[in-house]
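In my numbering, the protein residues as written are 9 to 227.
Every residue gets a Cβ at the ideal spot worked out from N, C-alpha and C, and that includes glycine.
If you're wondering where the values come from, they're calculated on a predicted model, not measured in any experiment.
Following: one structure in structure tokens, then a few remarks.
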Amino acid sequence: MSNIKKFAVVLSGNGVFDGAEIHEATMTLYAIKLNGGEYEIFAPDISQHHVINHITGEEMNETRNVLVESARIARGQIRPLSEFHPGDFDGLIFPGGFGAAKNLSTFAFDGVNCTINNDVETAIKEMSEAKKPLGALCISPVIMAKVLGDVDLTIGQDKNTTQAVEAMGAHHKTTTHSEVMIDKKYKLVTTPCYMLDANIVQIAEGANNVVRTMMELMD
9 MSNIKKFAVV
19 LSGNGVFDGA
29 EIHEATMTLY
39 AIKLNGGEYE
49 IFAPDISQHH
59 VINHITGEEM
69 NETRNVLVES
79 ARIARGQIRP
89 LSEFHPGDFD
99 GLIFPGGFGA
109 AKNLSTFAFD
119 GVNCTINNDV
129 ETAIKEMSEA
139 KKPLGALCIS
149 PVIMAKVLGD
159 VDLTIGQDKN
169 TTQAVEAMGA
179 HHKTTTHSEV
189 MIDKKYKLVT
199 TPCYMLDANI
209 VQIAEGANNV
219 VRTMMELMD
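Set out below in structure tokens:
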């Protein structure tokens, strides 16, 4: 029986403004392998909310698919989130990026009244019920607040987002670069990443700290 820890990593597209934050996604994958784990990548097979030109910040007149775009980061090795089975994994982790708030949820538009993608919500609830660790970087903890409610987490220091997650029933802790917040009841580990004015080294440290902490909670 292998004792190698296996993570399911959920992406939300490709690019910070309309999908997964690429540095956070890449450093999460790197941290998993660095700490002796394995990963498989998933994304919902749905249309993106919109497509953003990452040079101008303007919306583009085209449509893209979240799974197809996430496959760019996954180098083609990816499956629809509808095929996720909690029994195959030891942990579930969500890098950030606006895709978490636009594609995996509607938080960017509806705030406290947001809805969560059905496959995302199911995966989180199934892992939580199985007492397996969850990880969320950057803005992704808002999804955990909506799904789990009474949970300890961090999104860094942004006051508006803090107020929103607390209105959803979560308990927020203000944190700085690479710090993690641990909810022992739900085995949820969160870190702020680019919710702060961070650089890629700090992103790597935050991702690594989340992964290492999740592995400790697996034992």
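Which same chain residues, not among the five before or five after residue i, have their C-beta less than 8 angstroms away from its C-beta?
{"i": "SER55", "result": "THR71, ARG72, ASN73, VAL74"}
{"i": "THR184", "result": "GLY164, GLN165, PRO200, LEU204"}
{"i": "SER113", "result": "CYS122, THR123, ILE124, ASN125, VAL128, VAL150, ILE151, LYS154"}
{"i": "LEU161", "result": "ALA144, PRO149, MET152, ALA153, VAL173, ALA178, HIS179, HIS180, LYS181, MET189, ASP191, LEU196, THR198"}
{"i": "MET9", "result": "For MET9, the predicted structure reports a pLDDT of 43, less than 50, and the residue's modelled location is therefore unreliable. A value from the coordinates is still provided. Excluding residues within five positions, none has a Cβ falling inside 8 angstroms."}
Thinking C-alpha only, which one of the options is nearest residue i?
{"i": "LYS193", "options": "ALA215, PRO141, GLY23", "result": "PRO141"}
{"i": "VAL18", "options": "ASP118, GLU29, ALA116, ALA172", "result": "GLU29"}
{"i": "ILE81", "options": "ASN125, HIS93, ASN111, THR34", "result": "THR34"}
{"i": "ALA215", "options": "GLY119, VAL76, ASN11, SER186", "result": "SER186"}
{"i": "GLU224", "options": "GLY45, GLU77, ARG87, GLY84", "result": "GLY45"}
{"i": "GLY84", "options": "SER90, SER113, THR114, PHE50", "result": "PHE50"}
{"i": "LYS13", "options": "GLY23, ALA39, PHE102, TYR202", "result": "ALA39"}
{"i": "ASP191", "options": "ALA153, GLU67, PRO52, GLU48", "result": "ALA153"}
{"i": "MET135", "options": "ILE86, ASP160, MET226, GLY21", "result": "MET226"}
{"i": "HIS62", "options": "GLY177, PHE117, ARG87, PHE25", "result": "PHE25"}
{"i": "VAL219", "options": "THR162, VAL59, LEU42, ILE86", "result": "LEU42"}
{"i": "GLN210", "options": "GLU32, GLY23, SER78", "result": "GLU32"}
{"i": "ASP96", "options": "ALA212, ASN11, ILE208", "result": "ASN11"}
How is residue i classed by DSSP in three states: helix, strand or coil?
{"i": "ASN121", "result": "helix"}
{"i": "ASP158", "result": "coil"}
{"i": "ASP191", "result": "strand"}
{"i": "PHE92", "result": "coil"}
{"i": "MET9", "result": "The predicted model places MET9 with a pLDDT of 43, which falls under 50 and marks its position as unreliable, so this point remains unresolved."}
{"i": "LYS140", "result": "coil"}
{"i": "SER113", "result": "strand"}
{"i": "THR169", "result": "helix"}
{"i": "THR184", "result": "coil"}
{"i": "GLY164", "result": "strand"}
{"i": "VAL74", "result": "helix"}
{"i": "GLY107", "result": "helix"}
{"i": "VAL219", "result": "helix"}
{"i": "ALA206", "result": "coil"}
{"i": "ASN22", "result": "coil"}
{"i": "GLU213", "result": "helix"}
{"i": "ASN126", "result": "helix"}
Per DSSP, which residues does residue i bridge with? Please list them.
{"i": "GLU48", "result": "ALA16"}
{"i": "VAL59", "result": "MET68"}
{"i": "ARG87", "result": "PHE50"}
{"i": "HIS179", "result": "ASP160"}
{"i": "ILE101", "result": "VAL17, GLY143"}
{"i": "VAL197", "result": "GLY143, ILE190"}
Return the chain-ordered list of same chain residues with a C-beta closer than 6 angstroms to the C-beta of residue i, the five sequence neighbours on each side being excluded.
{"i": "MET222", "result": "GLY99, PRO141, GLY143, VAL197"}
{"i": "ALA172", "result": "GLY119, VAL120"}
{"i": "ALA175", "result": "VAL120"}
{"i": "SER148", "result": "PHE102, GLY104, ALA108"}
{"i": "GLY23", "result": "HIS62"}
{"i": "SER90", "result": "ASP127"}
Could you check whether the Cβ of residue i sits closer than 8 angstroms to any Cβ belonging to chain B?
{"i": "MET35", "result": "In the structure shown, chain B does not exist; there is a single protein chain."}
Tell me which residues share the same chain as residue i and place their Cβ nearer than 7 angstroms to its Cβ, disregarding the 5 neighbours each side in the sequence.
{"i": "ALA138", "result": "PRO94"}
{"i": "LEU242", "result": "This structure cannot settle anything about residue 242, because the visible part of the chain is limited to 9 through 227."}
{"i": "LYS8", "result": "Outside the shown range of the chain (9 to 227) lies residue 8, about which nothing can therefore be said."}
{"i": "LYS110", "result": "ASP26, HIS57, ALA116"}
{"i": "ALA206", "result": "HIS185"}
If we count Cβ pairs, one from each stretch, closer than 8 angstroms, do we get three or more for the segment 123 to 139 versus the segment 166 to 180?
Counting C-beta pairs closer than 8 angstroms gives fewer than three between the segment 123 to 139 and the segment 166 to 180, which falls short of the contact rule.
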